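Residue numbers (this note's numbering), protein chains in the order written: chain V, 181 to 554; chain R, 9 to 263.
Virtual Cβ for every residue (Gly too), placed ideally from N, Cα, C.
No experiment lies behind these values; they were computed from the predicted model shown.
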């Protein structure tokens, strides 16, 4: 405490206004961590004569390792969209364990509305509905996907807001039920053969071949959607009432209630938006894979929570940002790709993933304590 | 009678069989500073909670600003002009000072339901003005208040009253958790309210503070108002006698 050194003239009034007292945005720390981890993997790769980030082969053009970046971006995009919703829920002081299962259920239902009538001249062997429900315009499965996600999210929100059960339990119930629904929908058989227009949702290129300086890639619609949604929600969280109230409720729910905020209605809205984002993710995932399976999205919720936590979103609510989560998802993806690049066994990857999640939470707790000490 | 800003008649609150507040008759003149004292469980906080609409009274009437009022919640009371600084700080730690001041009554550039665009610039300017009138110095209003001292946080809570030109300020134990210097800071703000003619109800355990700050002292005992004494007509011993029940009858007094 440096209070005595800044004692104002009257002996009262506490500290003086000091613009340099502004705290640095914690996102910078996350960004620094991202850069650090990339450098570490680059060094580890160089020791083996390869490169993590750069293209060392003569027969392939380009400065960067395009293939690895493509995989990383796709990895980030589909789970990252879920993480955007999970971030908002955690900022609100809640948790959403259901998003992975909601992706699974939504994938199955959505794909049923995206099937093509004829596969190589033969009737679609995986048909769920009759011929009148085949070859629907692409907007139909997209809307169905969004509605499924919204429906699941709204149930989560209503449970949390009005039955007052802990979000952990409410969304755990949804996680189990939604997974059940995804298996029940087609008795466990995969649903395949979408229309060409549906396949183009993820595999086509909305903005043509994207070029950012030395980077360029094609057919990365999921990444475009992810970046677009991230920018949208970053703005919403900072500049609108929605964001302000989310942070307020996560920070001090009693105070928010006392200030006249309709806390329950706001909770329903946030969980609904999180569900909708899971729906978006399901549409992109099925379109990318050209098939839907009952096990899709398994553990995505944990990956999404991990991305948020690594990005500095506090599990106790009220702190964190969309930008943080985007950086967190980049770290997450770099770590997974990095382990693959140094040929670390997949089993180790899983174990290390767990350690990283716990480590990020420990770091958050430690940060909180050191701040409280001043 | 137009001089009276707040009046309660027969204000009563029962929690089941517990008579937390019984037939409280109280009035407050414009510009007057009144302290509410009493032992733990005497009904001070209950009394405040009925006026601020946090709880609904069992019976009785409340008149505010010349009209009978029936506030459904704290926001109602706040909109009517009753600003309360609660015992437990009603602040969101992770928000900055302007967001806390305007929590639940944000200003907008344009309205679009929950996605209404906040007018952050105006809110910040009005926050700075409010802090100026309370003579509170905050290191940086754009920082989350988590990092601020108890006194600074309490001042933020009190600055709300200045930002919204309230007709009545109620403070429930505003200095209970504060250090010496921070307490002095809060007391200074209270003197500032007095100068600006804003009436105040101060719930406090600190008799030294009460004698320092207010015009009149109202004593609660076992859910009843047992005394209403002008500061210059009483002393500490007198007040303590009323608080402990040595003085004062069971019938209650008109405050």
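Would you say residue i reaches chain R, if we count a Cβ-Cβ gap shorter than 8 Å as a contact?
| i | result |
| --- | --- |
| residue 332 of chain V | no |
| residue 452 of chain V | no |
| residue 342 of chain V | no |
| residue 547 of chain V | no |
| residue 438 of chain V | yes |
| residue 536 of chain V | no |
| residue 501 of chain V | no |
| residue 267 of chain V | no |
| residue 517 of chain V | no |
| residue 449 of chain V | yes |
| residue 585 of chain V | In the structure as shown, chain V starts at 181 and stops at 554, and residue 585 of chain V therefore has no counterpart that could be examined. |
| residue 432 of chain V | yes |
| residue 498 of chain V | yes |
| residue 543 of chain V | no |
Between the beta-carbon of residue i and the beta-carbon of residue j, is there less than 8 Å?
| i | j | result |
| --- | --- | --- |
| residue 476 of chain V | residue 294 of chain V | no |
| residue 216 of chain R | residue 251 of chain R | no |
| residue 349 of chain V | residue 455 of chain V | no |
| residue 259 of chain V | residue 480 of chain V | yes |
| residue 256 of chain V | residue 513 of chain V | yes |
| residue 341 of chain V | residue 281 of chain V | no |
| residue 20 of chain R | residue 69 of chain R | no |
| residue 132 of chain R | residue 144 of chain R | no |
| residue 62 of chain R | residue 226 of chain R | no |
| residue 508 of chain V | residue 210 of chain V | yes |
| residue 498 of chain V | residue 112 of chain R | no |
| residue 181 of chain R | residue 159 of chain R | no |
| residue 100 of chain R | residue 428 of chain V | yes |
| residue 167 of chain R | residue 237 of chain R | no |
| residue 506 of chain V | residue 261 of chain V | no |
| residue 458 of chain V | residue 265 of chain V | yes |
| residue 464 of chain V | residue 405 of chain V | yes |
| residue 271 of chain V | residue 493 of chain V | yes |
In chain order, what residues of the same chain lie with their CB nearer than 8 Å to the CB of residue i, ignoring the 5 residues before and after it?
| i | result |
| --- | --- |
| residue 189 of chain V | Model confidence at residue 189 of chain V stands at a pLDDT of 37, short of 50, so the residue's coordinates are unreliable and nothing is read from them. |
| residue 254 of chain V | 400, 402, 403, 468 |
| residue 192 of chain V | With a pLDDT of 37 at residue 192 of chain V, under the threshold of 50, the predicted position of this residue should be treated as unreliable, and no value is reported. |
Compute the beta-carbon to beta-carbon distance between residue i and residue j, rounded to the nearest angstrom, for a pair I have assumed lies under 8 Å.
| i | j | result |
| --- | --- | --- |
| residue 35 of chain R | residue 89 of chain R | Rounded, the Cβ-Cβ distance is 17 Å, inconsistent with contact. |
| residue 169 of chain R | residue 91 of chain R | 4 Å |
| residue 447 of chain V | residue 114 of chain R | No, residue 447 of chain V and residue 114 of chain R are not in contact; Cβ-Cβ is about 18 Å, not under 8 Å. |
| residue 124 of chain R | residue 116 of chain R | 5 Å |
| residue 14 of chain R | residue 55 of chain R | That belief does not hold up - the Cβ atoms of residue 14 of chain R and residue 55 of chain R are roughly 11 Å apart, past 8 Å. |
| residue 277 of chain V | residue 351 of chain V | 4 Å |
| residue 320 of chain V | residue 377 of chain V | Residue 320 of chain V to residue 377 of chain V, Cβ: 10 Å. No contact. |
| residue 247 of chain R | residue 221 of chain R | Contact flag wrong, Cβ pair sits at about 14 Å. |
| residue 297 of chain V | residue 311 of chain V | 6 Å |
| residue 328 of chain V | residue 263 of chain V | Not a contact, Cβ separation roughly 19 Å. |
| residue 516 of chain V | residue 225 of chain V | With 8 Å as the limit, residue 516 of chain V and residue 225 of chain V do not qualify as a contact, their Cβ atoms being about 15 Å apart. |
| residue 256 of chain R | residue 27 of chain R | Residue 256 of chain R to residue 27 of chain R, Cβ: 17 Å. No contact. |
What does a CB cutoff of less than 7 Å around residue i pick up in its chain, not counting 5 residues either side in sequence?
| i | result |
| --- | --- |
| residue 265 of chain R | For chain R, the structure presents residues 9 to 263; residue 265 of chain R sits outside this window and is missing. |
| residue 433 of chain V | 273, 443 |
| residue 201 of chain R | 177, 208 |
| residue 9 of chain R | Summary for residue 9 of chain R: the model assigns pLDDT 46, below 50, so the residue's position carries little reliability; its value from the coordinates is reported in the next sentence. None. |
| residue 212 of chain R | 43, 45, 181, 218 |
| residue 315 of chain V | 296, 297, 375 |
Counting only beta-carbon separations shorter than 8 Å, does residue i have a partner in chain V?
| i | result |
| --- | --- |
| residue 49 of chain R | no |
| residue 114 of chain R | yes |
| residue 201 of chain R | no |
| residue 78 of chain R | no |
| residue 101 of chain R | yes |
| residue 107 of chain R | yes |
| residue 182 of chain R | no |
| residue 124 of chain R | yes |
| residue 81 of chain R | yes |
| residue 171 of chain R | no |
| residue 98 of chain R | yes |
What are the partner residues of residue i, as DSSP defines its beta bridges?
| i | result |
| --- | --- |
| residue 178 of chain R | R:92, R:209 |
| residue 236 of chain R | R:226 |
| residue 126 of chain R | R:116 |
| residue 46 of chain R | R:228 |
| residue 458 of chain V | DSSP output for residue 458 of chain V lists no bridge partner at all. |
| residue 69 of chain R | R:17 |
| residue 26 of chain R | R:23 |
So, at 6 Å on beta carbons, what are the nonlocal neighbours of residue i in its own chain, with the 5 sequence-adjacent residues on each side left out?
| i | result |
| --- | --- |
| residue 179 of chain R | 93, 210 |
| residue 221 of chain V | 232, 518 |
| residue 414 of chain V | 502, 503 |
| residue 39 of chain R | 205, 207 |
| residue 83 of chain R | none |
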